[in-house]
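Report on one structure; see the data block that follows.
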Amino acid sequence: MKAVVLAAGEGTRLRPLTEDKPKGMVEVDGKPILTRCFEQLAELGADEFVVVVGYRKQDIIDHYGDEFDGIPMTYAHQREQKGLAHALLTVEEHIDDDFMLMLGDNVFDANLGDVVNRQQEDRADAAFLVEEVPYEDAGRYGVCDTNDYGEITDVVEKPDDPPSNLVMTGFYTFTSAIFHACHLVQPSNRGEYEISEAIDLLIQSGRTIDAIRMDGWRIDVGYPEDREKAEKLLRGEDIEVDESDAVEASVN
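In my numbering, the protein residues as written are 5 to 256.
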């Protein structure tokens, strides 16, 4: 299964860490975030990496070259950052089967393999790793609503009135049907082509999308303090978890 990694972002909120490097090359506990992504995806069985680059793209290309740990690597260029659905369309020509999608600014220690296993079952057209957050924070994310079978029935991007407190993380699996949906997406109020809109179109077309609840933790490295939290967790140290943290409150 191919693995797509989105790594085109500038990381303005991470400054000064991103003044001389792209977001994905920021080190967390001695390794670039992208290296951690590639290592995990390799463990999950990735047979090719397709990396979407943009800001300071040559830094990433020069560092990794055309393979990682023997796995071929292809690059796609997102010239303007117009949302995740827009970024995904840059890799369409490279994907013809089921694939993994990981956001290249997330650090995980979680049950990613459960998502891949579900995708390989005949009944699933897509599967997402999801986590519960406090209801008052859910409006900051892509929020999922599910039925009694754990299938996603609705996805809303940053809603004012969230239908649940279950939110998408940065790891997904899809069939190539997602590309047709991305082509149909219209710009949101933010002027971006939202992946949540493409997912909703899949649901409306009758596709089955399963929610896999996260067992573990993840950190979206958006600010310098997020990197510090991720480093502490990777070292097995306790961190103070507040309502705005994008980690499971049950982290040990």
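The beta carbon of each residue, even a glycine, is placed where N, CA and C say it ideally should be.
Remember, it's a predicted structure, so these values are computed and weren't measured experimentally.
Using the rule of at least 16 other Cβ atoms within 10 Å of the residue's Cβ for burial, across every protein chain shown, is residue i buried or exposed?
i, result
"A139", "Contrary to the premise, residue 139 reads as Tyr rather than Ala in this sequence. With fewer than 16 Cβ atoms within 10 Å of its Cβ, Y139 is classed as exposed."
"Y153", "exposed"
"Q82", "buried"
"K35", "exposed"
"V151", "Looking at the sequence itself, residue 151 is Asn, so the reference to Val does not match. The residue is exposed, with fewer than 16 neighbouring Cβ atoms inside 10 Å."
"H90", "buried"
"T22", "buried"
"L205", "buried"
"G13", "buried"
Spell out the partners DSSP gives residue i in its beta bridges.
i, result
"I223", "V111"
"P76", "E71"
"Y176", "L105, F132"
"C148", "V159, L170"
"K35", "V32"
"V137", "DSSP output for V137 lists no bridge partner at all."
"F53", "A7, M77"
Among the options, which residue has its Cα nearest to the Cα of residue i?
i, options, result
"L116", "G240, K233, A7", "A7"
"L45", "E235, M5, E97, A12", "M5"
"D149", "T22, I207, N193", "I207"
"E198", "R239, A142, K162, R40", "K162"
"V120", "G49, T39, D33", "G49"
"L18", "D73, E232, G226", "G226"
"L92", "H184, V159, Q62", "H184"
"D101", "A80, P76, T177, K236", "T177"
"I64", "G74, F42, D51, Q85", "F42"
"F175", "D165, F112, T157, M77", "F112"
"M29", "V54, V147, M172, D109", "D109"
"M77", "E84, L38, R211, P191", "L38"
"T16", "D33, Q85, D214, S209", "Q85"
"S168", "C186, E196, A215", "A215"
"G220", "Q190, L238, D66, F53", "L238"
"T179", "E125, E232, V57", "E125"
According to DSSP, is residue i helix, strand or coil?
i, result
"M29", "helix"
"D246", "Its pLDDT being 48, under 50, D246 is placed unreliably by the model, and the measurement read from it follows with that caveat. Looking at D246 - three-state DSSP - the assignment turns out to be coil, as it is neither helix nor strand."
"V119", "helix"
"D24", "coil"
"E235", "helix"
"P228", "helix"
"I99", "coil"
"L18", "helix"
"D214", "strand"
"K61", "helix"
"L48", "coil"
"A12", "coil"
"E198", "coil"
Less than 7 Å between the CB of residue i and some heavy atom of the ligand PLP, yes or no?
i, result
"G58", "Ligands are entirely absent from the displayed structure, and the ligand PLP is therefore not among its contents."
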